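Student:
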Amino acid sequence: MGSVESEGEHDNSSPPPVELTKGDPEAVQHLKTCCSWLDAYFNCTLDEDVAKPTLVIPHESDFFNTVWTVLASTAVGETLSYKDLAKLAGRPHAARASGEKQPK
């Protein structure tokens, strides 16, 4: 049996749909990098040769940006409690705040 792609799906090896990037070449390249990294991650072939996507951090506050920077530097498969994350972000008593800064 062959697989049938539903409308809106695309092959993981193809470039992301242009409508998602509004034709911006930088955004297209960023999405390609993300797709390659995720593909390698989920296929258990992730190594140092696979380019890590750049984390785009929306500016909210210095603490928010620090939490995101700590998250971006966390190794694949490593886990951090909100308490540990707050400590690494320089605010050891801000565990709840560090948890609130996670992507939803």
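According to the numbering used here, the sequence shown holds residues 12 to 115 in order. We treat Cβ as the ideally placed atom computed from N, Cα and C, and that holds for glycine. This one's a predicted model, so the numbers in the text were calculated from it and none came from an experiment.
To the nearest whole angstrom, what separates the beta carbons of residue 42 and residue 87, a pair I think is in contact under 8 Å?
Tutor: To locate residue 42, count along the sequence shown from 1; it is residue 31. To locate residue 87, count along the sequence shown from 1; it is residue 76. That belief does not hold up - the Cβ atoms of residue 42 and residue 87 are roughly 19 Å apart, past 8 Å.
Student: Quick one, are the C-beta atoms of residue 102 and residue 93 less than 8 Å apart?
Tutor: Translated into positions along the sequence shown, residue 102 becomes position 91. Translated into positions along the sequence shown, residue 93 becomes position 82. No, the pair does not count as a contact, with Cβ atoms beyond the cut-off.
Student: When DSSP labels each residue in this structure, what does residue 56 get in the three-state scheme?
Tutor: In the sequence shown, residue 56 corresponds to position 45, counting from 1. DSSP places residue 56 in coil when its eight states are reduced to three.
Student: In whole angstroms, what is the alpha-carbon distance linking residue 104 and residue 97?
Tutor: By 1-based counting over the sequence shown, the position of residue 104 is 93. By 1-based counting over the sequence shown, the position of residue 97 is 86. C-alpha separation (whole angstroms): 7 Å.
Student: Return the CA-CA distance between residue 100 and residue 63, expressed in angstroms with no decimal places.
Tutor: The residue you call residue 100 lines up with position 89 of the sequence shown. The residue you call residue 63 lines up with position 52 of the sequence shown. Near 22 Å, if we compare the C-alpha coordinates of residue 63 and residue 100.
Student: How would you call residue 109, buried or exposed, if buried means at least 16 neighbouring beta carbons within 10 angstroms?
Tutor: The residue you call residue 109 lines up with position 98 of the sequence shown. With 16 or more other Cβ atoms within 10 Å, it is buried.
Student: Please confirm whether any heavy atom of the ligand ZN lies closer than 7 Å to the CB of residue 109.
Tutor: Ligands are entirely absent from the displayed structure, and the ligand ZN is therefore not among its contents.
Student: Whole-angstrom Cβ separation of residue 79 and residue 61, contact assumed at under 8 Å?
Tutor: Looking up residue 79 in the sequence shown gives position 68. Looking up residue 61 in the sequence shown gives position 50. Actually they do not touch by this definition, with Cβ atoms about 21 Å apart.
Student: Roughly how many angstroms separate the alpha carbons of residue 84 and residue 111, rounded to a whole number?
Tutor: The residue given as residue 84 occupies position 73 in the sequence shown. The residue given as residue 111 occupies position 100 in the sequence shown. Looking at the two C-alpha atoms, the distance is approximately 18 Å.
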